[in-house]
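Asker: Numbering (my numbering), first residue to last: 49 to 313. Provided herewith is a single structure, encoded as structure tokens, for subsequent inquiry.
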Ligand SMILES: [Mg+2]
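See the structure below:
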């Protein structure tokens with residue numbers, strides 16, 4: 049039996065510590081510092097949207113489109129990304145639809161807006177393979193925590209609205225693939241924050257939600273975990289430049305070294 053402690057106290061609460069068999073991690077803003085990559089991606093999508101709509105410049109509406117896209121993406125120049133905004137949290141298809149919606153607001157018809165958004169996303173998808181886009185780095189202390197969990201026989205899994213390919217690339221680039229036994233991505237159904245996403249991942253891992261901890265950086269992650277019956281739910285708040293507005297009814301941590309493991313009977 050392995051118990052998880054936060055700042056030396058048993059979880060979910062002192063005196064009522066419960067053993068865990070698995071830890072489910074959100075990726076962007078929890079396992080990884082994704083903000084530089086996501087910011088570069090959002091800025092590139094805006095530039096390519098403007099490139100694809102040169103007719104708007106003649107009508108003096110380019111600035112309006114730029115502003116709409118910045119706000120839709122949760123991108124505030126010089127202030128970073130909104131940690132619960134579209135770019136930070138939503139899957140790619142939702143970003144695409146929002147981009148097309150912004151295009152309709154400057155006068156494009158829906159078929160043209162959707163086709164333009166699809167073209168822009170096809171161009172910017174290729175940026176992931178280019179060196180000019182910063183690669184997300186693991187948050188400080190994450191690798192040591194994953195190794196510790198692994199050496200104690202605790203399963204680790206990723207639950208994210210990134211696609212399987214993006215999750216595997218992050219894990220592979222940092223030598224983490226062998227430490228992670230399960231992935232639930234935007235390619236799976238249902239996606240988070242549906243509690244059944246947790247149930248589906250737990251089923252794959254062969255554990256019940258009550259034997260798990262879930263750690264994420266968005267209230268939607270934490271509320272999903274509660275609805276799914278996860279016994280230990282923690283908010284991680286150091287993955288973004290801007291401060292997070294995490295629900296105070298959940299426990300929070302600011303560094304992975306605040307977690308420790310205790311073997312028990
Ligand atoms: Mg996240």
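Beta carbons: idealized from backbone N, C-alpha and C, even for Gly. All figures in this text were calculated on a predicted structure; none of them were measured in a lab.
1) As a quick check of your reading: which residues have a C-beta less than 5 Å from at least one non-hydrogen atom of ligand 1, in chain order?
2) Taking the continuous beta strand (DSSP E) assigned at residue 230, which residues delimit it?
3) Are residue 60 and residue 49 touching if we call contact CB-CB under 9 Å?
4) Report yes or no: do three or more beta-carbon pairs, one from the stretch 84-101 and one from the stretch 226-234, lie closer than 8 Å?
5) What is the DSSP secondary structure of residue 135, reduced to helix, strand or coil?
6) Would you say residue 265 and residue 141 are within 9 Å of each other, going by their C-beta atoms?
7) Ordered along the chain, which non-local residues of its own chain (more than five positions away) have a Cβ less than 6 Å from that of residue 73?
8) List the whole-angstrom C-beta distance separating residue 54 from residue 282, where the pair is believed to meet the contact cut-off of C-beta under 8 Å.
9) In whole angstroms, give me the CA-to-CA distance for residue 226 and residue 259.
10) What is the residue span of the beta strand (DSSP E) that residue 279 lies within?
11) Let's test the definition: count the other Cβ atoms within 10 Å of the Cβ of residue 161 and tell me whether it reaches 16, buried, or not, exposed.
12) Going by beta-carbon coordinates alone, are residue 172 and residue 89 separated by less than 9 Å?
13) Report the three-state DSSP secondary structure of residue 312 (helix, strand or coil).
14) Use the C-beta contact count for residue 304: other C-beta atoms within 10 angstroms, 16 or more gives buried, fewer gives exposed.
15) Who are the near neighbours of residue 249 in its chain, counting only those whose CB is closer than 7 Å to its CB and skipping five residues on each side?
16) Are the CB atoms of residue 185 and residue 127 nearer to each other than 9 Å?
17) Does DSSP classify residue 70 as helix, strand or coil?
18) Checking 9 Å against the spacing of the C-beta atoms, do residue 65 and residue 58 come in under that value?
19) For the alpha helix (DSSP H) that contains residue 209, what are its first and last residues?
20) Taking only the alpha-carbon atoms, compute the straight-line gap between residue 244 and residue 153 and give it to the nearest angstrom.
Answerer: Based on what the coordinates show:
1) Residue list for ligand 1: 74, 76, 77, 265 (CB closer than 5 Å to any heavy atom, chain order).
2) As a working note, residue 230 is residue 182 in the chain shown. Element bounds for residue 230: 230-232.
3) Counting from one through the chain shown, the residue named residue 60 turns up at place 12. Counting from one through the chain shown, the residue named residue 49 turns up at place 1. Contact flag unset, no.
4) With the cut-off at 8 Å, the stretch 84-101 and the stretch 226-234 do not touch.
5) Indexing the chain shown from 1 puts residue 135 at position 87. DSSP places residue 135 in helix when its eight states are reduced to three.
6) The residue you call residue 265 lines up with position 217 of the chain shown. The residue you call residue 141 lines up with position 93 of the chain shown. The Cβ atoms of residue 265 and residue 141 lie no closer than 9 Å to each other.
7) Your numbering for residue 73 matches position 25 in the chain shown. So the list reads 79, 206, 263, once near-sequence residues are dropped.
8) As a first step, residue 54 is located in the chain shown; it is residue number 6 there, counting from the start. As a first step, residue 282 is located in the chain shown; it is residue number 234 there, counting from the start. Taking the Cβ atoms as the reference, residue 54 lies roughly 7 Å from residue 282, within the contact range of under 8 Å.
9) For the purposes of this step, residue 226 is identified with residue 178 of the chain shown, where counting begins at 1. For the purposes of this step, residue 259 is identified with residue 211 of the chain shown, where counting begins at 1. CA-CA distance, residue 226 to residue 259, rounds to 21 Å.
10) Position 231 of the chain shown, counting from 1, holds the residue named residue 279. If you look at residue 279, you'll find it isn't in any beta strand (DSSP E); DSSP assigns it neither H nor E.
11) As a working note, residue 161 is residue 113 in the chain shown. When all chains shown are included, residue 161 counts as buried.
12) Along the chain shown, read from residue 1 onward, the residue named residue 172 stands at position 124. Along the chain shown, read from residue 1 onward, the residue named residue 89 stands at position 41. Contact flag set, yes.
13) Here residue 312 corresponds to residue number 264 of the chain shown, with the count starting at 1. Residue 312 falls in the coil class under three-state DSSP.
14) The residue given as residue 304 occupies position 256 in the chain shown. By the neighbour-count rule (16 or more Cβ atoms within 10 Å), residue 304 is buried.
15) As a position in the chain shown, residue 249 is number 201, starting the count at 1. Here the set comprises 72, 205, 207, 230, 232.
16) Taking the first residue of the chain shown as 1, we reach residue 185 at position 137. Taking the first residue of the chain shown as 1, we reach residue 127 at position 79. No, they are not a contact pair.
17) The residue you call residue 70 lines up with position 22 of the chain shown. Under the three-state reduction of DSSP, residue 70 is assigned to strand.
18) Translated into the one-based positions of the chain shown, residue 65 becomes position 17. Translated into the one-based positions of the chain shown, residue 58 becomes position 10. For residue 65 and residue 58, yes; Cβs fall inside 9 Å.
19) Position 161 of the chain shown holds residue 209. If you look at residue 209, you'll find it isn't in any alpha helix (DSSP H); DSSP assigns it neither H nor E.
20) To locate residue 244, count along the chain shown from 1; it is residue 196. To locate residue 153, count along the chain shown from 1; it is residue 105. Rounded to whole angstroms, the separation of the alpha carbons of residue 153 and residue 244 is 35 Å.
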